[in-house]
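Inspection log for the structure reproduced underneath, given as structure tokens.
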């Protein structure tokens, strides 16, 4: 009887320990998830002001040259984009269709601001199962803005071009940003010369946000690959950035 009672005491102790451990681990995971959500929201808020700063500069420019028509068109387009932008403020992810729409709006605004300097194309294959596809809010926007300001707009001519396309692999959504800018190496040199006060997305901040998105090591990671293109003469002719996002996405 003593052995039996002792055995039950032992089992009870083990059971209590296991239950306590389980709930402690769950609490720690919940707190960690809350921390990640908070930090991601903070980082997103730090990246977004770059675009707002540039847009206000554009409005100031049109007003300064007394082009009321251009100013009103820009303000109207900017308001439409800002409305979409604010709707994503409380969400870490949104549908890929919304991201594509916002990219078109954003590049349209920048094309108005930098008239005649570049063109763009945002394509979205119909075969992608769009209703089920969600991606981190404004993640693509940051890389497109970076490509535009650090590579495409530094071309010597006014023939800049950015093409954004979407493709689906077995377990991932691929977002391809294809530009004909000056390439990564020259871009880094120019960025170093301009310094930290330039109002474009900060590469370190973009990487920090990506690290937080990938903080859960038990899942497939969001990956970014960037490679320069070469023309027939072996000269850099642009850069291709590929963002691979697990499908379905879990944050």
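In my numbering, the protein residues as written are 25 to 275. Cβ coordinates follow ideal geometry from the N, Cα and C atoms, glycine included. Quick caveat: nothing in here was measured; it's all calculated off a predicted structure.
Please report the distance separating the alpha-carbon of residue i from that of residue j.
{"i": "residue 92", "j": "residue 86", "result": "7 Å"}
{"i": "residue 146", "j": "residue 124", "result": "7 Å"}
{"i": "residue 175", "j": "residue 169", "result": "10 Å"}
{"i": "residue 230", "j": "residue 204", "result": "22 Å"}
{"i": "residue 94", "j": "residue 83", "result": "9 Å"}
{"i": "residue 228", "j": "residue 235", "result": "10 Å"}
{"i": "residue 193", "j": "residue 213", "result": "35 Å"}
{"i": "residue 269", "j": "residue 178", "result": "29 Å"}
{"i": "residue 164", "j": "residue 239", "result": "19 Å"}
{"i": "residue 232", "j": "residue 89", "result": "39 Å"}
{"i": "residue 109", "j": "residue 256", "result": "41 Å"}
{"i": "residue 116", "j": "residue 127", "result": "17 Å"}
{"i": "residue 188", "j": "residue 131", "result": "11 Å"}
{"i": "residue 77", "j": "residue 237", "result": "26 Å"}
{"i": "residue 258", "j": "residue 211", "result": "18 Å"}
Using alpha carbons as the reference points, say which of the options lies closest to residue i.
{"i": "residue 267", "options": "246, 112, 118", "result": "246"}
{"i": "residue 271", "options": "159, 211, 133, 131", "result": "159"}
{"i": "residue 100", "options": "110, 269, 133", "result": "133"}
{"i": "residue 249", "options": "167, 239, 76", "result": "167"}
{"i": "residue 198", "options": "256, 157, 107", "result": "157"}
Please return the same chain residues whose Cβ sits closer than 7 Å to the Cβ of residue i, not counting the five positions on each side in sequence.
{"i": "residue 172", "result": "134, 186"}
{"i": "residue 106", "result": "none"}
Output needed for residue i: all residues of its chain with C-beta closer than 8 Å, excluding positions within five of it in sequence on either side, in chain order.
{"i": "residue 104", "result": "129"}
{"i": "residue 97", "result": "136"}
{"i": "residue 31", "result": "Confidence at residue 31 is low in this model, with a pLDDT of 46, below 50, so its placement is unreliable and no value can be given for it."}
{"i": "residue 254", "result": "260, 261"}
Leaving out five residues before and five after residue i in sequence, what residues of the same chain have Cβ atoms less than 6 Å from its Cβ?
{"i": "residue 118", "result": "112, 161"}
{"i": "residue 252", "result": "207, 208, 260, 263"}
{"i": "residue 265", "result": "167, 201, 250"}
Going by the CB atoms, is the gap between residue j and residue i shorter than 8 Å?
{"i": "residue 148", "j": "residue 190", "result": "yes"}
When you compare the segment 177-192 with the segment 139-147, are there three or more beta-carbon pairs, one atom per stretch, that lie closer than 8 Å?
yes
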